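Chains as they are written, first to last, in this note's numbering: chain A, 83 to 376; chain B, 250 to 679; chain C, 9 to 325.
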C-alpha cells in the first residue's frame with residue numbers, strides 16, 4: 083500500500099499543510115507568549131481572511147482573480163487586525179487578561195464572528211479562483227501549482243514576521259513584555275499598546291493564512307474549527323509561547339498529519355494528534371521544547 | 250424569517266367557524282391552543298423542513314425556492330381543495346438532533362397539516378422517527394432507500410423523487426457497458442454513500458463488472474487530494490458521488506490529480522449540484538458521464554411541463570438562477586419538492602381531508618395512488634407509485650459533458666429502475 | 009443549622025413540585041421544550057459540581073455527555089437493551105470514562121486543565137467518527153425503543169407526558185443529589201479546595217482525591233443527561249460529542265450563577281428559550297450564545313443566581 087508516489091503525495095500535501103499551519107500557529111503562539119492568554123476565536127480570524135478574499139475577488143473586482151487575491155493579501159490583515167484590536171480594547175482589557183475569563187470571552191467572540199458571517203455571507207461554501215491556475219504533471223499524478231505557490235508565500239510571510247519580531251522596536255517591546263510585563267512597564271514599554279498590537283498581529287497572521295488557503299478549500303463560515311484545533315496542537319507541542327518551537331512543531335505536525343492522512347485516514351490523523359497534545363501537556367506542561375529564557 | 254407566509258390570509262365568516270367546530274372536539278386532548286377552525290378557506294398549513302444551514306445548505310436554498318414557487322402556483326390555481334396553502338419553513342441545520350426538535354415545533358407549535366422536505370439521510374431518519382410519535386404525515390424529498398426497505402413507518406412517504414437503489418439499478422448497465430468494468434467508488438461517508446456502495450456493488454456484479462475499491466469521505470471534509478492515492482492503479486472507471494459544501498473542491502482536486510489521462514469518470518450529479526460545469530479546473534470533466542434526475546439544461550428535457558416549472562422557479566436554460574447566472578441550481582433534486590406538493594394536493598382533494606382528524610383517510614388515499622401523470626404537476630416525468638411501500642419510481646437521465654455543458658445521451662424507462670420493494674406499511678396500525 | 013437545611017430542602021422540593029404541576033398548564037410545544045431543558049439542566053448540574061464548587065473549568069464535558077448517550081444508544085441498537093437497562097448502561101459508561109479521564113487530566117490544573125479536557129473531548133468526538141462501523145458516525149443512529157415496563161404497567165417513551173416525567177424524575181434526582189452532596193462534609197471540602205487548595209492540603213486532606221471524585225461525579229451526571237437525551241429523543245450521533253456540548257453547560261452554569269444549586273436550571277431555561285425564540289428570526293441563532301458569553305464575562309461574572317442570592321441576602325431576614 084505504501085508506494086513511492088503515495089509517499090511523495092503525502093509529503094507534498096503535508097508541506098502545504100505545514101506552511102499554512104505555521105502561519106496560523108505562530109499567531110496563536112505569539113498571543114500566548116506575550117499576553118499569556120489563549121484565543122479560542124483564532125480560527126475565526128482564519129475564516130475571516132478566507133471570506134475577505136472571496137469578497138475581493140468575486141464581488142469587488144470581477145477582473146482577474148490575481149488582482150483580487152493581491153488586494154485581499156493586504157486588506158484581510160488590515161481588516162482582521164482592526165477587529166482584533168477592537169476586541170482587545172472592548173473585551174480583553176476590561177477583564178484584565180484573566181486567563182480563564184479570556185477563554186470564555188474569546189469563545190463568545192468565536193460565536194459572534196462565525197454567526198455574523200453566517201448572517202451576511204450565508205451558509206454556502208463559495209469557491210475562490212486561485213490567482214494563478216496551473217497543474218504540474220508528475221509521472222504518477224498531477225498536482226496543483228497554486229499549492230506550491232502557497233508554500234512559497236507562507237515562507238516569505240514567516241520571514242517578514244520574523245524580521246519584525248527581531249529587528250523592529252515593536253518587536254523589542256514584545257519580547258520585553260513577554261519576559262516580564264511589569265518590569266517592561268517600569269522601563270517605559272507601553273504594555274497595553276503592546277498587548278493590543280500583539281493580539282492584532284496574531285489575528286493578522288491567521289487572516290493571511292486564511293487568504294492563502296481559501297483558493298484551495300473554498301470559503302465557508304464553519305472553516306475556522308480545523309485551523310484552531312491544529313494550531314492549538316502545534317502551539318502546545320512546540321511549547322506554549324515558544325516561537326521557534328512552534329515553527330518546528332508546525333513542520334512536524336503538518337507533514338506528519340499529511341502522511342497519516344494519505345496513508346491511513348484523516349480522522350485517525352487528527353485523533354492521534356489531539357491525543358498527543360493531551361499527553362504532552364500532562365507529561366511536560368511546558369511543552370516539548372523548553373524555553374531557552376526563563 | 251422563519252415563518253414565511255405565502256398564502257393569503259382569508260378572513261373567516263362566523264358560519265365557517267361553526268362548521269369547523271365539530272373538528273375541535275377531537276383535538277381538545279392534543280393541546281391547549283387548538284386551531285381556531287377547519288373551515289373551507291382556512292389555510293392548509295404545510296411545513297417545509299429545510300436544510301438552510303449546515304452541510305446541506307446549497308440544497309436547502311433551492312428546496313425552499315422551489316417550494317415557494319410551487320405554493321404560489323398552487324395558490325394561484327385556487328389553493329388545495331379551495332383552501333389557500335400556507336408554507337411554514339424551519340431550518341434543521343442539516344442536523345439530525347435539530348430535525349427532531351423541528352418536527353416537534355411543526356406538530357405542536359405551528360400545528361401544520363403535513364411536513365415535507367428533508368433530504369440528507371441522517372436527518373430523514375431522525376425526522377421519520379418523530380413523525381410516527383407525533384402522527385404527522387412526512388413527505389421526504391430524499392433519495393434514501395430505507396423507506397422502500399421498510400425501515401421507517403406508515404407516516405413517511407416519498408412521492409416526489411426516486412431512491413438511490415432504483416437510480417443505481419437503472420444506470421448500472423450503462424456504466425459497466427460504456428464507462429468501465431473495474432470501478433473505484435468515491436462516496437460520502439454516511440448512509441447515502443453506503444446506499445450507493447451496496448447497490449452499485451451488487452448491480453455491477455450482475456452486469457459483469459467489479460468494484461475494486463470504495464473510498465468513503467466524510468461530508469464535512471474540505472480537502473480531498475489525500476484520499477486519491479488510495480485509488481488502485483488498475484481502476485478503469487471512477488464512480489463518484491459527493492455531497493457537502495466542498496463538492497467543487499472535490500471535483501477540482503480530482504481533476505488536478507488525474508488530468509485528462511486518468512480513468513474514465515461516471516458521476517452522480519450530486520458531485521456537481523450547485524456547481525457550474527464551466528468552472529476553471531473542471532475542464533477534465535469533458536466527455537465524462539453524469540447521472541441526472543432532471544436535466545440541468547433545458548435542451549435535455551424540453552417539455553411543456555418542464556418549461557412551466559423552470560419559469561415558475563426562475564431558472565434560465567442553463568439551470569441557473571435567471572437573475573444571477575452564477576447561482577447554479579440543484580435541479581436534479583429540488584423538483585422533488587414541487588412534485589411532492591402537487592401529490593399532497595392530489596391526495597388532500599381526493600380524500601376530502603379537512604384537518605388532523607382525517608389523517609388516517611389521507612394516508613390511505615396516498616397509499617391507493619398508483620401513478621402520477623407527466624405534466625405541469627410532475628414535470629420530471631411520469632411516476633409509478635407503489636402504495637404499500639410509499640415509494641415512487643421514475644425515469645433517469647444520463648448526460649455527457651460536451652463543450653462545458655451537459656447533454657442528455659441516454660434516458661432510462663421507469664421499468665429499468667423498478668424493483669420489488671420489501672416494505673408493506675399498510676399492515677401497520679395508524 | 010438543621011432548620012436551614014430543612015428550609016433548603018423544602019425550597020428545592022417545592023421547585024420540583026412546581027415543575028411537576030407545570031405539565032398541566034403548559035401548551036404541548038412547551039412541554040417538549042421543558043423536557044429538553046430538564047435534561048440539559050442535569051448536564052449543567054453535573055458541570056456545576058466541578059466548575060462551580062470545585063473551581064475546575066472543563067471544556068470537555070461533551071465527552072461525558074456523549075459517553076452516556078452512546079452507552080445507552082449503542083446498547084439499544086446492538087444489544088437490544090430495554091430503556092431502563094440502556095439508561096444504566098449509559099450512566100455506567102460515563103462513569104468509566106470519567107474514571108479514566110480523571111486519572112489523566114487531574115495531573116494538570118488551570119488553563120492546562122482546560123486544554124487537556126478540550127483535547128480529550130475532541131479525540132472522543134473524532135473517535136465517534138472514526139469507529140463509524142459501530143457508531144454510524146455523522147449520520148448517527150435512530151433508535152426504536154421498547155416501552156418501559158414497570159409494575160405491570162407499560163409506558164411508551166414516545167408519549168410526551170412520559171418523556172416529561174422521566175426527565176423530571178432525573179432532574180429531581182440530580183438536583184437533590186447535588187444539594188445533599190454540597191451540604192455534606194465532602195461538599196464542604198470541595199469548596200475549600202476551590203477557595204484555597206494549598207491550605208486545604210495543609211489541613212491534611214488529599215485534595216487530589218477530592219478533585220478526582222468531584223470530576224467523576226460531575227462526569228457521571230453529565231452522562232446521565234446524555235443517556236436520557238438519547239433515550240427520550242430516540243437518537244444518538246456524533247454531534248453529541250461536539251464542542252457545543254462542552255460550551256453549553258459552561259454557558260448554562262455561568263448564566264445561572266456558579267455554585268448555586270438552582271443556577272443550572274435557571275441558566276438552561278433562559279438560554280434555551282433565548283435560542284429557541286431567536287431561531288425563529290434568524291438561522292444565525294447561535295450568535296445569542298456568543299453574545300451571552302461576552303455579556304456574562306464582562307458584566308455579570310456571578311450570573312443570575314449570584315445576583316438573586318445577593319439580592320435576597322440584602323433583605324432583612
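Idealized CB from N, CA, C, for every residue including glycine. Predicted model only: the values in this text are computed from it and were never measured.
- For residue 461 (chain B), the enclosing beta strand (DSSP E) starts and ends at 459-466.
- The beta carbons of residue 348 (chain B) and residue 394 (chain B) sit about 19 Å from each other, so the pair does not count as a contact at 8 Å.
- A distance below 6 Å between beta-carbons, with the five flanking residues on each side excluded, links residue 329 (chain A) to the following residues of its chain, in chain order: 104.
- The straight-line gap separating the alpha-carbon atoms of residue 44 (chain C) and residue 175 (chain C) is approximately 8 Å.
- Between the beta-carbon of residue 281 (chain A) and that of residue 155 (chain A) there is about 21 Å, and that puts the pair past the 8 Å contact cut.
- Contact residues of the segment 332-345 of chain B toward chain A are absent (C-beta to C-beta distance below 8 Å).
- Looking at the DSSP output, residue 288 (chain A) sits in no beta bridge, so it has no partner there.
- Taking a beta-carbon distance threshold of 8 Å, residue 243 (chain C) counts as an interface residue toward chain B.
- Residue-level contact check: residue 137 (chain C) touches chain B, since one or more beta carbons of chain B fall below 8 Å from its beta carbon.
- Listed in chain order, the positions of the segment 292-310 of chain C with a beta carbon within less than 7 Å of a beta carbon of chain A are 292, 294, 295, 297, 298, 299, 301, 302, 305 and 306.
- Interface annotation for the segment 220-243 of chain A against chain B: 223, 224, 225 and 226, criterion Cβ-Cβ distance under 8 Å.
- Taking the C-beta atoms as reference points, residue 284 (chain A) is found nearer than 8 Å to residue 113 (chain A).
- Residue 454 (chain B) and residue 427 (chain B) have their C-alpha atoms some 15 Å from each other.
- Taking residue 545 (chain B) as the centre and dropping the five residues before and after it, the same chain places the C-beta of 568, 580 and 655 closer than 6 Å to its C-beta, in chain order.
- Distance from residue 154 (chain C) to residue 90 (chain C) at the Cβ level is roughly 5 Å; contact confirmed, criterion being Cβ atoms closer than 8 Å.
- Residue 386 (chain B) and residue 363 (chain B) do touch by the CB rule: their CB atoms are close to 5 Å apart, below 8 Å.
- Leaving aside the five residues that flank residue 677 (chain B) on each side, the residues in its chain whose CB is nearer than 6 Å to its CB run, in chain order, 403.
- Residue 418 (chain B) and residue 108 (chain A) have their alpha carbons spaced roughly 53 Å apart.
- Taking the C-beta atoms as reference points, residue 249 (chain C) is found nearer than 8 Å to residue 70 (chain C).
- Here residue 486 (chain B) is bridged, per DSSP, to B:432 and B:513.
- The distance from the Cβ of residue 290 (chain A) to that of residue 169 (chain A) is about 18 Å, inconsistent with a contact at the 8 Å cut-off.
- Residue 242 (chain A) sits exposed, since fewer than 16 C-beta atoms from the chains shown fall within 10 Å of its C-beta.
- Remark: three or more beta-carbon pairs, one from each stretch, lie closer than 8 Å, so the segment 300-318 of chain B and the segment 486-494 of chain B are flagged as touching.
- Cβ neighbours of residue 244 (chain A) within its own chain (closer than 8 Å, five residues either side excluded): none.
- In the structure shown, residue 535 (chain B) falls within a coil segment according to DSSP collapsed to helix, strand and coil.
- If you ignore the 5 residues before and after residue 127 (chain A), its C-beta comes within less than 6 Å of the C-beta of 162, 285, 288 and 289, all in its own chain and listed in chain order.
- Taking all protein chains in view, the Cβ of residue 52 (chain C) is crowded by 16 or more other Cβ atoms within 10 Å, so the residue is classified as buried.
- Residue 660 (chain B) sits in a strand when the DSSP states are folded into three classes.
- In this structure, the alpha-carbon of residue 469 (chain B) lies about 44 Å from that of residue 251 (chain A).
- The DSSP assignment places complete beta strand (DSSP E) segments of no fewer than 3 residues inside the segment 174-251 of chain A at 217-219 and 224-226, in order along the chain.
- Take residue 413 (chain B), set aside five residues on each side of it, and the residues of its chain with a beta-carbon closer than 8 Å to its own are 392, 393, 394, 441, 444, 445 and 448, in chain order.
- The Cβ neighbour count for residue 202 (chain A), taken over all protein chains shown within 10 Å, is under 16; the residue is labelled exposed.
- Residue 540 (chain B) and residue 411 (chain B) have their C-alpha atoms spaced approximately 13 Å apart.
- Residue 91 (chain A) belongs to the set of residues whose beta carbon lies under 8 Å from a beta carbon in chain B.
- Residue 98 (chain C) is outside the set of residues whose beta carbon lies under 8 Å from a beta carbon in chain B.
- Taking a beta-carbon distance threshold of 8 Å, residue 200 (chain A) counts as an interface residue toward chain B.
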